[in-house]
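Just so you know, the sequences run in chain order S and W. 5 is the number of the first residue of the first sequence in the numbering used here; add one for each residue after it. 9 is the number of the first residue of the second sequence in the numbering used here; add one for each residue after it. Glycine residues also receive a C-beta, built at the ideal position from the N, C-alpha and C atoms.
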Amino acid sequence: DAKTTQPPSMDCAEGRAANLPCNHSTISGNEYVYWYRQIHSQGPQYIIHGLKNNETNEMASLIITEDRKSSTLILPHATLRDTAVYYCIVRVPDKLIFGTGTRLQVFP
Amino acid sequence: NAGVMQNPRHLVRRRGQEARLRCSPMKGHSHVYWYRQLPEEGLKFMVYLQKENIIDESGMPKERFSAEFPKEGPSILRIQQVVRGDSAAYFCASSPPGLADFNEQFFGPGTRLTVL
Numbered sequence: 005d006a007k008t009t010q011p012p013s014m015d016c017a018e019g020r021a022a023n024l025p026c027n028h029s030t031i032s033g034n035e036y037v038y039w040y041r042q043i044h045s046q047g048p049q050y051i052i053h054g055l056k057n058n059e060t061n062e063m064a065s066l067i068i069t070e071d072r073k074s075s076t077l078i079l080p081h082a083t084l085r086d087t088a089v090y091y092c093i094v095r096v097p098d099k100l101i102f103g104t105g106t107r108l109q110v111f112p
Numbered sequence: 009n010a011g012v013m014q015n016p017r018h019l020v021r022r023r024g025q026e027a028r029l030r031c032s033p034m035k036g037h038s039h040v041y042w043y044r045q046l047p048e049e050g051l052k053f054m055v056y057l058q059k060e061n062i063i064d065e066s067g068m069p070k071e072r073f074s075a076e077f078p079k080e081g082p083s084i085l086r087i088q089q090v091v092r093g094d095s096a097a098y099f100c101a102s103s104p105p106g107l108a109d110f111n112e113q114f115f116g117p118g119t120r121l122t123v124l
């Protein structure tokens with residue numbers, strides 16, 4: 005079973021920041037948090053991952069709370085092409101365990 | 009630099025037939041993973057393979073499903089005697105050699121299996 009909880013859906017205006025929350029209260033000390041997204045029915049696309057420090061790349065930022073029980077993915081300037089299902093995943097050995105994700109709708 | 013390739017992209021089978029799904033990992037990747045996605049659901053892990061070895065098949069149904077990743081050629085997911093409940097999107101992912109726990113997985117476009 006997935007070790008994460010996410011809201012089923014969110015809306016965001018184009019050009020604004022999209023903040024997607026994720027709860028992972030049972031995460032272990034050496035387990036990473038990964039974020040993927042799935043646009044339409046395409047294959048999932050890797051976004052970012054982190055352990056305890058905040059991370060940033062060209063796509064997004066990942067903020068992990070100090071107790072590591074929750075995290076937030078930030079898309080700083082959402083575009084219509086960011087409309088997708090976003091999956092927060094606690095990485096376990098050998099596999100990714102997907103939950104149901106958050107369906108982000110970016111509107112004009 | 010080609011990504012993960014899967015074929016066919018769409019496959020239609022009648023109940024009782026066999027389905028063979030192929031996955032060519034990214035160049036240099038030696039780890040392959042198969043996932044299944046039912047309509048309106050998240051992806052479910054099926055199996056993790058390295059060349060000629062099945063590492064973790066904890067998500068594979070006990071009957072009718074098998075997977076291989078031979079020394080040469082693509083990885084194959086085989087479903088024998090398909091039933092309507094096998095209709096789903098099947099995604100393959102690959103990652104480079106090294107610690108599988110920490111390598112990101114790159115996904116292919118998927119094969120959509122429809123069982124009539």
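- Is it true that the CB of R72/W sits closer than 7 Å to the CB of I84/W? Taking the second sequence and counting its residues from 1, one reaches residue 84/W at position 76. Taking the second sequence and counting its residues from 1, one reaches residue 72/W at position 64. One thing to note: I84/W has its Cβ no nearer than 7 Å to the Cβ of R72/W.
- Query: DSSP on L24/S, reduced to helix/strand/coil?
  - Reply: Locating residue 24/S in the first sequence gives position 20, counting from the first residue. It is a strand residue.
- Chain-ordered neighbours of G47/S on chain W, where CB pairs are closer than 7 Å: Numbered from its first residue, the first sequence carries residue 47/S at position 43. Within 7 Å of the CB of G47/S, the CB atoms of chain W belong to F99, F115, G116, P117, G118, in sequence order along the chain.
- Item | Where G54/S falls: helix, strand or coil (DSSP) | The residue given as residue 54/S occupies position 50 in the first sequence. G54/S: strand per DSSP, three-state reduction.
- Query: What residues in the region 81-97 of chain W bring their beta carbon closer than 8 Å to a beta carbon of chain S?
  - Reply: Answer set for the region 81-97 of chain W: A97.
- Task: Leaving out five residues on either side along the sequence, give the residues of the same chain with a beta carbon under 6 Å from the beta carbon of Q89/W.
- Result: Walking along the second sequence from the start, residue 89/W turns up at place 81. G24, R72.
- Short-range partners of chain W found in the region 57-89 of chain S, where Cβ spacing is below 9 Å: Answer set for the region 57-89 of chain S: V89.
- Item | Supposed close pair Y90/S, G105/S - CB separation, criterion 8 Å | For this step, residue 90/S is matched to residue 86 along the first sequence. For this step, residue 105/S is matched to residue 101 along the first sequence. Y90/S to G105/S, Cβ: 6 Å. Contact.
- Query: Whose C-alpha, out of N61/S, L84/S, T69/S, is nearest the C-alpha of P112/S?
  - Reply: Within the first sequence, the letter at position 108 stands for residue 112/S. Across the set N61/S, L84/S, T69/S, the C-alpha of L84/S shows the shortest separation from the C-alpha of P112/S.
- Message: Against chain S, which members of the region 47-59 of chain W pass a CB distance test of less than 8 Å?
- Response: Cβ contacts with chain S: E49, G50, L51, K52, F53, Y56.
- Task: Sort Y56/W, P69/W, Y43/W by Cα distance to H37/W and report the nearest one.
- Result: Position 29 of the second sequence, counted from the start, is the residue given in the question as residue 37/W. The option with the nearest alpha carbon to H37/W is Y56/W.
- Item | Among G116/W, E60/W, E65/W, N111/W, the one whose alpha carbon lies nearest that of Y98/W | Your numbering for residue 98/W matches position 90 in the second sequence. Checking every option, the nearest Cα to that of Y98/W belongs to G116/W.
- Per-residue contacts from T104/S into chain W (C-beta, under 8 Å): Within the first sequence, the letter at position 100 stands for residue 104/S. Under the 8 Å cutoff, chain W gives E49, G50.
- Query: What is the DSSP secondary structure of R44/W, counted as helix, strand or coil?
  - Reply: Residue 44/W sits at position 36 when you count from the first residue of the second sequence. Here R44/W sits in strand by DSSP.
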